[in-house]
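Just add 166 to wherever you are in the sequence shown, counting from 1, and you've got this note's numbering. Glycine residues also receive a C-beta, built at the ideal position from the N, C-alpha and C atoms. These numbers were taken from a predicted model, which means no experiment stands behind them. Taking it in order: structure first as structure tokens, then the write-up.
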Amino acid sequence: MKKTLHAIVALLISSASMYAGEPIKIVYNASVSANASSGKFAPYMIGSWNYGRVNAKAGLWHDGIIKKETDLSRRFSWGAGFEYMLGYGSAAPYIRYNAASDSWSANYRRQAPARIQQFYGELKYRSVYLLAGMKERHSRIVDDTLSSGDLTRSNNSRPIPGIAAGFIDFVDIPLTNGWVQIDGEIMYGKFTDSEYKRQTFNYYHGNLATDLYYIYRRCYFRTKPSQPLNLTIGMQAAGQFGGRTVYYSKGSISKTEERGFSIKDALKMFFPTEGSGRDYYEGNSLGSWDVKLLYRFKNGASLSAYFEGPWEDGSGIGRQNGFDGLWGLQYNFAKQGIVSKILFEYFDFTNQSGPIHYSTDAVEGSSITQGITGGDDYYNNLFYGPYSNYGMSIGSPFVVSPLYNLDGSPNYCHNKARGFHTAAEGGAGAWSYKLMLSYQLAGGQGRIPSYKRLHDTSMLAKVQWRPVASLPGLRLSAEAAFDKGNLRGNNFGILAGISYSGSFTFGK
167 MKKTLHAIVA LLISSASMYA GEPIKIVYNA SVSANASSGK FAPYMIGSWN
217 YGRVNAKAGL WHDGIIKKET DLSRRFSWGA GFEYMLGYGS AAPYIRYNAA
267 SDSWSANYRR QAPARIQQFY GELKYRSVYL LAGMKERHSR IVDDTLSSGD
317 LTRSNNSRPI PGIAAGFIDF VDIPLTNGWV QIDGEIMYGK FTDSEYKRQT
367 FNYYHGNLAT DLYYIYRRCY FRTKPSQPLN LTIGMQAAGQ FGGRTVYYSK
417 GSISKTEERG FSIKDALKMF FPTEGSGRDY YEGNSLGSWD VKLLYRFKNG
467 ASLSAYFEGP WEDGSGIGRQ NGFDGLWGLQ YNFAKQGIVS KILFEYFDFT
517 NQSGPIHYST DAVEGSSITQ GITGGDDYYN NLFYGPYSNY GMSIGSPFVV
567 SPLYNLDGSP NYCHNKARGF HTAAEGGAGA WSYKLMLSYQ LAGGQGRIPS
617 YKRLHDTSML AKVQWRPVAS LPGLRLSAEA AFDKGNLRGN NFGILAGISY
667 SGSFTFGK
């Protein structure tokens, strides 16, 4: 029976291959990893940048993926992928309020023992693509392997399922002779983390926003990449809309908003407009202005300088938020060696356009007739909750994600932060390594600063062994990390894993 099913699958794939005019190369990977930590969660640098795979204090996980990559060299091509995770992680003790007994109790929650990490299909024709499903995406500005993270859509949280369309890569703009290229994407998606939010919320104070929808847009321009010096500039814009929000105050529901979903709302989010009768915009819109300057030396090395400037509303778009943003430098050596890449970043979220935001309709009969735009409160929104997925920041993980709030608060409690991040990687033979170090000072939220600044120092060391000659698909890895300070707490953890990858081809 198994052989028959395999033959049927092979026939279907082979037929699809002949129709598409290309052989089908299937890539697969299977891994097992285990981690343990001294804190309530994995250290910051073990729990981040892995698309939400691992964040528990301790756990044992199996990860499996099978996919067909889109062939970018062909006019028409297609791709698909499926990835799952199975395992068990320790539970974190969130606290929850019980209105009936007027009491608080521990509410232990853990990552799901079985979950789908990626599941997607995509089509490419010439330079454009269409994607449906949930697929991990990568930044066009920062290096995902070393950076502290893209400010708008990083590699920190689980992918959001949806439909996306855009350019497969930068393409030449007609009549510019290749001197100006364009890249862009638009995506509409649906959050699936409503149950997670219900399970970790404290039900005492704050807002519980569920069944939300997601939108992402990007438009970049780039000068001729074959030149030694090229510039990339543009904007990312994301948002949350629709859904339902329940507001709690001292354990009681003070208000409920049922927004649901409508095509009109989706169109409004593409070009945000002010809400009917209200002096603020529909949905939660945010994003970043992005700039990257890259210089290639004659020996093949390169130096890049980049900046991502966050915005939450008109003040941020107008760059009225001072020095806020991610400022980075990265040097890539010409050859792989003991040191192959080095990176340094400065991160600042302390301005936030000032702490005051005032709408003209805030107080009836007020003599103040001019609005004040400020209090951006990055990644937080009064009506739509935090910009996160399953508790992990969709934007930069440098800001402490809501997942780590054991008091059940759904928000980013310390987004008024600044600090630096540095990283390096290299290797020799079958061995490679990565080192990362960051330091951060944080002081509450944009509108509610804390009474004192908190600090954190985090570090990670990772080594990897690939015996290419004897077992080319095998990979062994180990990493150790720590957090020290009163922002993330003192925590030490390790993670070790073994994986094997390979491929096979149909329709040769």
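Integer-rounded CB distance, given that N547 should sit under 8 Å from N465: Here residue 465 refers to the residue found at position 299 when the sequence shown is read from its first residue. Here residue 547 refers to the residue found at position 381 when the sequence shown is read from its first residue. Between N465 and N547, the beta carbon gap of about 48 Å keeps them out of contact (Cβ cut-off 8 Å).
Can you look up K223 in the DSSP assignment and give me helix, strand or coil? Position 57 of the sequence shown, counted from the first residue, corresponds to residue 223. Three-state DSSP puts K223 in coil, outside helix and strand.
Is there contact here, the stretch 240-248 with the stretch 260-280, by at least three beta-carbon pairs under 8 Å? Contact fails: fewer than three Cβ-Cβ distances are below 8 Å.
Cα-Cα separation between S323 and A266, rounded to whole angstroms: Within the sequence shown, numbered from 1, the residue matching residue 323 stands at position 157. Within the sequence shown, numbered from 1, the residue matching residue 266 stands at position 100. C-alpha of S323 to C-alpha of A266: approximately 35 Å in a straight line.
So what's A208 in DSSP terms, helix, strand or just coil? Counting from one through the sequence shown, the residue named residue 208 turns up at place 42. Coil at A208, not helix or strand.
Helix, strand or coil at K363 according to DSSP, with G and I counted as helix: Here residue 363 refers to the residue found at position 197 of the sequence shown. DSSP places K363 in helix when its eight states are reduced to three.
If you follow the alpha helix (DSSP H) that D431 is in, where does it begin and where does it stop? Within the sequence shown, the letter at position 265 stands for residue 431. Annotation for D431: the continuous alpha helix (DSSP H) segment containing it runs 429-436.
Are there 16 or more other CB atoms within 10 angstroms of the CB of F463, so buried, or fewer, so exposed? Position 297 of the sequence shown holds residue 463. Burial call: exposed.
If you drop the 5 nearest sequence neighbours on each side, which residues of the same chain put their C-beta closer than 7 Å to that of K363? In the sequence shown, counting from the first residue as 1, residue 363 sits at position 197. Cβ within range, chain order: L374, T376, P576.
Three-state secondary structure assigned by DSSP to Y545: Here residue 545 refers to the residue found at position 379 when the sequence shown is read from its first residue. Coil, per DSSP.
From N264, I399, G520, E423, residue whose alpha carbon lies closest to that of G408: One-based indexing of the sequence shown puts residue 408 at position 242. Measuring from the Cα of G408, the nearest candidate turns out to be E423.
With the cut-off set at 8 Å, would you say S562 and L492 are in Cβ contact? Reading the sequence shown from its first residue, position 396 is the one you call residue 562. Reading the sequence shown from its first residue, position 326 is the one you call residue 492. Contact flag set, yes.
Measure the Cβ-Cβ separation of A258 and L572 and say whether it is below 8 Å. Counting from 1 along the sequence shown, the entry for residue 258 is found at position 92. Counting from 1 along the sequence shown, the entry for residue 572 is found at position 406. Yes.
What does DSSP give as the partner residues of S470 in its beta bridges? The residue labelled residue 470 in the question sits at position 304 within the sequence shown. Paired residue(s): L460, Q496.
K301: buried (16+ other C-beta within 10 angstroms of its C-beta) or exposed? By 1-based counting over the sequence shown, the position of residue 301 is 135. So K301 ends up on the buried side.
Rounded to whole angstroms, what is the Cα-Cα separation between N657 and Y380? Looking up residue 657 in the sequence shown gives position 491. Looking up residue 380 in the sequence shown gives position 214. If you take the alpha carbons of N657 and Y380, they lie about 34 Å apart.
Skipping 5 residues on each side, what residues in its chain have a beta carbon closer than 7 Å to that of G475? By 1-based counting over the sequence shown, the position of residue 475 is 309. Excluding residues up to 5 positions away in sequence, S454, W455, R485, D490, G491 lie with their Cβ nearer than 7 Å to the Cβ of G475 in the same chain.
Do the stretch 209-227 and the stretch 655-672 meet, that is, are 3 or more Cβ pairs less than 8 Å apart? Segments in contact, yes.
By a C-beta neighbour count over all protein chains shown, 10 Å radius and 16 as the cutoff for buried, is K421 buried or exposed? As a position in the sequence shown, residue 421 is number 255, starting the count at 1. Exposed is the call here.
Which residues bound the beta strand (DSSP E) around G639? Locating residue 639 in the sequence shown gives position 473, counting from the first residue. From DSSP, G639 is part of no beta strand (DSSP E); its letter is neither H nor E.
Here's a check: name, in chain order, each residue in its chain whose Cβ is nearer than 6 Å to the Cβ of G639, leaving out the five neighbours to either side. Looking up residue 639 in the sequence shown gives position 473. Excluding positions up to five away in sequence, the list reads Y666, S667, G668.
Do three or more CB pairs link the stretch 425-435 to the stretch 397-412 at distances below 8 Å? The stretch 425-435 is in contact with the stretch 397-412.
Between L469 and N396, which are expected to be in contact by the criterion C-beta below 8 Å, what is the C-beta distance as a whole number of angstroms? Taking the sequence shown and counting its residues from 1, one reaches residue 469 at position 303. Taking the sequence shown and counting its residues from 1, one reaches residue 396 at position 230. Contact check for L469 and N396: beta-carbon distance about 12 Å, past the 8 Å limit, so the pair fails to qualify.
Contacting residues, own chain, Cβ-Cβ under 6 Å from A289 (five flanking each side not counted): Within the sequence shown, the letter at position 123 stands for residue 289. Inspection of the sequence shows that residue 289 is occupied by Leu rather than by Ala. Excluding five sequence positions before and after L289, the CB atoms of its chain that fall closer than 6 Å to its own CB belong to W244, L296, given in chain order.
Per-residue DSSP class, three states only, for I483: Taking the first residue of the sequence shown as 1, we reach residue 483 at position 317. The three-state secondary structure of I483, taken from DSSP, is helix.
Flag this pair as yes or no: are the beta carbons of V634 and Y599 separated by less than 8 Å? Along the sequence shown, one-based indexing puts residue 634 at 468. Along the sequence shown, one-based indexing puts residue 599 at 433. Judged by beta-carbon spacing, Y599 lies beyond the 8 Å limit of V634, meaning their Cβ atoms are not closer than that value.
Could you check what DSSP says for Y570 in three-state terms: helix, strand or coil? Indexing the sequence shown from 1 puts residue 570 at position 404. The three-state secondary structure of Y570, taken from DSSP, is helix.
So T389 is in the beta strand (DSSP E); what residue range does that whole segment cover? If you number the sequence shown from 1, residue 389 lands on position 223. Residues 379-389.
Does W227 pass the burial test, meaning 16 or more other C-beta atoms within 10 Å, or should it be called exposed? Stepping through the sequence shown from its first residue, residue 227 is reached at position 61. Buried is the call here.
With 16 as the cutoff for other CB atoms within 10 Å, does G247 come out buried or exposed? Residue numbering aside, residue 247 sits at position 81 when the sequence shown is read from its first letter. Counting Cβ neighbours within 10 Å, G247 comes out buried, since at least 16 surround it.
Would you report the Cα separation of S269 and S616, rounded to the nearest angstrom? Against the sequence shown, residue 269 aligns to sequence position 103. Against the sequence shown, residue 616 aligns to sequence position 450. Answer to the nearest angstrom: the Cα atoms are 26 Å apart.
Can you name the start and end residues of the beta strand (DSSP E) that G332 belongs to? If you number the sequence shown from 1, residue 332 lands on position 166. Annotation: the continuous beta strand (DSSP E) that includes G332 extends over 328-333.
Between the stretch 585-596 and the stretch 509-521, are three or more C-beta pairs nearer than 8 Å? Because the criterion of three Cβ pairs below 8 Å is met, the stretch 585-596 and the stretch 509-521 touch.
DSSP puts F489 in a beta bridge; with which residues? Residue numbering aside, residue 489 sits at position 323 when the sequence shown is read from its first letter. Here F489 is not bridged, per DSSP, to any residue.
L603: first and last residue of the uninterrupted beta strand (DSSP E) it sits in: Residue 603 sits at position 437 when you count from the first residue of the sequence shown. L603 -> beta strand (DSSP E) spans 597-610.
Are G225 and N264 close, meaning C-beta to C-beta below 8 Å? On the sequence shown, position 59 is the one that residue 225 refers to. On the sequence shown, position 98 is the one that residue 264 refers to. With respect to the 8 Å criterion, G225 and N264 are not classified as neighbours on the basis of their beta carbons.
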